[in-house]
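Residue numbers for the sequence shown follow my numbering, beginning at 53 and rising by one.
Report on the structure given below.
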Amino acid sequence: MTPLPKLYQSKWKKKKTRPKNDRAIDLGSPLLNDIADAFLTGATIGVTKVVAEDTYYAVNRGSVSSQDFEYTLKNMCKEGAYYGTVAGVFVTTEYGLESVRGRRDWKNTMIAGAMTGAVMSAVNKNNKDKILADAIFAGTIAGAALFLRNLATGSLCK
Numbered sequence: 053m054t055p056l057p058k059l060y061q062s063k064w065k066k067k068k069t070r071p072k073n074d075r076a077i078d079l080g081s082p083l084l085n086d087i088a089d090a091f092l093t094g095a096t097i098g099v100t101k102v103v104a105e106d107t108y109y110a111v112n113r114g115s116v117s118s119q120d121f122e123y124t125l126k127n128m129c130k131e132g133a134y135y136g137t138v139a140g141v142f143v144t145t146e147y148g149l150e151s152v153r154g155r156r157d158w159k160n161t162m163i164a165g166a167m168t169g170a171v172m173s174a175v176n177k178n179n180k181d182k183i184l185a186d187a188i189f190a191g192t193i194a195g196a197a198l199f200l201r202n203l204a205t206g207s208l209c210k
């Protein structure tokens, strides 16, 4: 069989290795590095969310007290830990699915998102209909985020 002319050959090639990231923390394992990175990123997002919300409310009220500051600090820790845990659970689940299925594709991302959404909803003691809705929503958001990331990096054939 003759090879295709260069005009018809795809520019995109499937990567068989995990992306390399420069990290400040090296735990010696790609899985542990990914979990730590996801936790820190998620925690940062949670803390930033709380700071933005509480700053907005303080500006609207026109005053800040030491109780407001204490409440914001406690809320930053709580939300940071929650968002970091969600990100860590998602990355761990996605990594496990990749290992079990032997593929790295959008299905792993959507399943991991759905499983993470269901687990986090169940932890919050929601009823089964809410758990199912959260699982569907989280899977959809994870799939959309992967699509947008691949669109931005030019690697849509993953």
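Virtual Cβ for every residue (Gly too), placed ideally from N, Cα, C.
Remember, predicted model here, so these are calculated numbers, not experimental data.
Query, Result
"As assigned by DSSP and simplified to three states, the class of residue 210", "Note on residue 210: pLDDT 47, under 50, position unreliable in the model; the coordinate value appears next. Coil at residue 210, not helix or strand."
"Residues near residue 144 by beta carbon distance below 7 angstroms, same chain, minus five either side", "87"
"Beta-carbon proximity check, residue 169 vs residue 190, cutoff 8 angstroms", "yes"
"Residue closest to residue 163, alpha-carbon to alpha-carbon, out of 81, 127, 129 and 147", "147"
"Contact between the segment 128–137 and the segment 92–102 (3+ Cβ pairs under 8 angstroms)", "yes"
"C-alpha gap between residue 192 and residue 130, whole angstroms", "26 angstroms"
"Sequence-distant residues of its chain with Cβ nearer than 7 angstroms to residue 110 (five each side left out)", "116 and 120"
"Continuous alpha helix (DSSP H) stretch holding residue 182: start and end", "180–205"
"Segment limits, alpha helix (DSSP H) that includes residue 120", "118–153"
"Counted within 10 angstroms of its Cβ, other Cβ atoms place residue 149 as buried (16 or more) or exposed", "buried"
"Residue 194 and residue 165 closer than 8 angstroms at C-beta", "yes"
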